[in-house]
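Residue numbers (the numbering used here), protein chains in the order written: chain A, 654 to 898; chain B, 465 to 648.
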């Protein structure tokens, strides 16, 4: 009989083997002490994990209350916001985005700008934002893989977070600009040769910890949902989209 | 209160989410290794779950669906987190710096320190240990959450458990296994 693999023993320990295979393995186990020892190893690790994690820590009351409110809010809502399939032209701020932005502004942590499609420059974020991204930024967006950083303008750091597609084969990228006095999280989309800002959120400077405020995330998510954005592109797909002009 | 269509099923759905908060937070803590980040992740997961409620297939287990949402949300958070130098990979290397050697040796004797040892494992091993051995998900359910074949789940899980056994001094030998307290 071929040597029994670790995966097989483990599957048996976890009850994942079909009955006939389990019976066959049991016969082998009866005859082989070393096999029994290896099985025990898998059984004991599972037991240890279970014993260590099963007394579950109490959920902080504040978190529980927030989720309970969320649940209650969902039940009484008269609108069920689902991901819209059409690429809606901007006519002001969509409902879902407005709600989450209002929540964020109430928290007082960040400001926001939303691209309305006009040609005006957007102020804020230390003057970093303009409807069409300048040469250095555009070049970076055309080439930089997600996750990489670039210093621009001397004191500004640009970091590309992810790429994704909007309906109509529009390539967009989520970007962070960081300066000592503050930065932005932005979404820029490429139409023709130009990268245009569709969303920009001013955030505090990241400092040394490098953490983004969690309150920014739902705003971005709501924006992406409203725009029917696809999932973040993997590295190969992203490289392909960047190459295509 | 029954104004909306299907309001009672929405109530039940919401209640089930609230009931699963301890499990969600437990998994979030293992992913993030930080209580504040974990709470944020739980909240975000619940938001996405409630917003995407229509996508849940009631024939499948709610826990598995929620863990999948949480894991994807966590991957998004990691993508946004700035790191010095190279991008922080989802499957990071073993965190040798987090635990000093003597503490790991002592961990061989204490079940309580299973948690500490798990914290030193690479995230791909931490999450799979939690999903299968603690949350009790099947290999297939876990494979769907992680977006990998079942075979990958099995090999990764086996490696993780062997690593855990090595660090905990578990040998499978009934006389000499270090899960008995007091032995060296």
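The beta-carbon is built from N, C-alpha and C at its ideal position, and this holds for glycine as well.
### Runs of alpha helix (DSSP H) wholly within the segment 481-517 of chain B (minimum 4 residues, chain order)
485-496 and 499-515
#### Entry: Other residues of its chain near residue 513 (chain B): CB distance less than 7 angstroms, five sequence neighbours each side excluded
481, 530 and 533
### Within 9 angstroms of chain B by C-beta, residues of the segment 679-691 of chain A in sequence order
689, 690 and 691
### Message
Any beta carbon of chain B sitting closer than 7 angstroms to that of residue 818 (chain A)?
### Response
no
### Query
Quick one, are the C-beta atoms of residue 816 (chain A) and residue 891 (chain A) less than 7 angstroms apart?
yes
#### Entry: Range covered by the beta strand (DSSP E) that runs through residue 831 (chain A)
823-832
### Range covered by the alpha helix (DSSP H) that runs through residue 813 (chain A)
No alpha helix (DSSP H) holds residue 813 (chain A); the beta strand (DSSP E) holding it covers 809-819.
### Query
Hey, quick one: how far does the beta strand (DSSP E) through residue 805 (chain A) stretch, first residue to last?
802-805
### Task
Can you give me the start and stop residues for the alpha helix (DSSP H) that residue 616 (chain B) sits inside?
614-632
### Below-7 angstroms beta-carbon distance, residue 723 (chain A) vs any chain B residue
yes
### Message
Strictly under 7 angstroms for the Cβ-Cβ distance: is residue 507 (chain B) near chain A by that measure?
### Response
yes
### Message
Checking 7 angstroms against the spacing of the C-beta atoms, do residue 636 (chain B) and residue 690 (chain A) come in under that value?
### Response
yes
### Task
Please confirm if residue 673 (chain A) has its CB atom under 7 angstroms from at least one CB of chain B.
no
### Query
Who are the neighbours of residue 579 (chain B) on chain A, taking C-beta pairs under 8 angstroms?
705 and 706
### Task
Figure out for me which residue from A:848, A:839 and A:845 has the closest Cα to the Cα of residue 854 (chain A).
A:839
### Task
Alpha carbon to alpha carbon, how far is residue 807 (chain A) from residue 484 (chain B)? Give it in angstroms, no decimals.
49 angstroms
### Message
Just list the residues that DSSP pairs residue 597 (chain B) with in beta bridges.
### Response
None, per the DSSP bridge assignment.
### Message
Could you compute how far the alpha carbon of residue 794 (chain A) sits from the alpha carbon of residue 873 (chain A)?
### Response
19 angstroms
### Task
Verify the CB distance criterion: does residue 663 (chain A) have a CB-CB separation below 7 angstroms to chain B?
yes
### Message
Using 8 angstroms for Cβ pairs, my map puts residue 601 (chain B) next to residue 627 (chain B). What's the rounded Cβ distance?
### Response
At roughly 20 angstroms, the Cβ-Cβ gap does not stay under 8 angstroms, so residue 601 (chain B) and residue 627 (chain B) are not in contact.
### Message
Do residue 598 (chain B) and residue 606 (chain B) have their beta-carbon atoms positioned less than 7 angstroms apart in this structure?
### Response
no
### Simplified DSSP assignment, three categories, for residue 853 (chain A)
strand
### Message
From the DSSP secondary-structure annotation, give me the bridge partner or partners of residue 843 (chain A).
### Response
A:824 and A:848
### Message
To the nearest angstrom, how far is the alpha carbon of residue 519 (chain B) from that of residue 499 (chain B)?
### Response
29 angstroms
### Query
Is it buried or exposed for residue 722 (chain A), if we count other Cβ within 10 angstroms and need 16 for buried?
exposed
### Message
I want to see whether chain B comes within less than 7 angstroms of residue 815 (chain A), judged by CB atoms only; does it?
### Response
yes
### Query
Which residues bound the alpha helix (DSSP H) around residue 926 (chain A)?
This structure cannot speak to residue 926 (chain A), because chain A is shown only from 654 to 898.
### Task
Leaving aside the five residues before and after residue 537 (chain B) along the sequence, list all residues of the same chain whose C-beta is less than 8 angstroms from its C-beta, in chain order.
505, 508, 509 and 512
### Query
Do you know how far the Cα of residue 823 (chain A) is from the Cα of residue 844 (chain A)?
7 angstroms
### Message
Distance cutoff 7 angstroms, beta carbons only. Does residue 694 (chain A) sit that close to anything in chain B?
### Response
yes
### Query
Looking at the unbroken alpha helix (DSSP H) that takes in residue 672 (chain A), where does it start and where does it end?
672-684
### Task
Compare the Cα-Cα distances from residue 829 (chain A) to each of A:810, A:842 and A:846 and report the closest residue.
A:810
### Message
I'd like to know whether the C-beta of residue 698 (chain A) is nearer than 7 angstroms to at least one C-beta of chain B.
### Response
yes
### Message
Can you list, in chain order, the residues of its chain with a C-beta nearer than 7 angstroms to that of residue 675 (chain A)? Leave out the 5 residues immediately preceding and following it.
### Response
665
### Task
Tell me whether residue 705 (chain A) sits in a helix, a strand or coil according to DSSP, three-state version.
helix
### Task
Name, please, each residue of chain B whose Cβ falls closer than 8 angstroms to the Cβ of residue 716 (chain A).
485, 489, 503, 506 and 507
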